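Here the sequence shown is numbered in UniProt numbering, starting from 1 and rising by one per residue.
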Amino acid sequence: MLRSLFDRNCTIKRLVQIEDEYKTPKGEDWKTIGTSRCRLSRKNLRATQEAPDLKTNESYMLYMPIGADIKAGDRVTLNGDTKDFTAGPPYKPGNHHIEVEVWREGSA
């Protein structure tokens, strides 16, 4: 029943350490962790004037199935969109879904 409410697909990416063949750190890169069904609801949209552009901050609540592998700081892309969201800490209000605040910044 609850799964039918998830009307979008999202891709979850996580920043991981890259190592060479000798296990020496070479830097960090975003790795795709997986995909999941999800639902997005508008939480807040704020615009601030910063010369010469208008900056926008969007924050949403993302709902996912309980088994979704998402952590604070992950990047979330919805339905192949070109702009990523940054995930906050996941919250599990029950044993059936996860709620995550996600946000992104842009210019108008």
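Backbone N, C-alpha and C define an ideal beta-carbon position, used for all residues, glycine too.
Because the structure is a prediction, the values reported are computed rather than measured.
- Boundaries of the beta strand (DSSP E) harbouring residue 43: 25-50, taken from the DSSP string.
- The continuous beta strand (DSSP E) containing residue 60 extends over residues 53-65.
- According to the DSSP secondary-structure assignment, residue 107 is paired through a beta bridge with 55.
- Within the same chain, and ignoring the five residues on either side of residue 91 in sequence, the residues whose Cβ sits closer than 6 Å to its Cβ are 99.
- For a cut-off of 8 Å, the C-beta gap from residue 105 to residue 56 is around 7 Å, short enough to register as a contact.
- Distance check between residue 72 and each of 12, 32, 89 places 89 closest, using alpha-carbon atoms only.
- Cβ contact annotation for residue 46 (same chain, cutoff 6 Å, sequence separation greater than five): 57, in chain order.
- The DSSP assignment places complete beta strand (DSSP E) segments of no fewer than 3 residues inside the stretch 77-106 at 85-87, in order along the chain.
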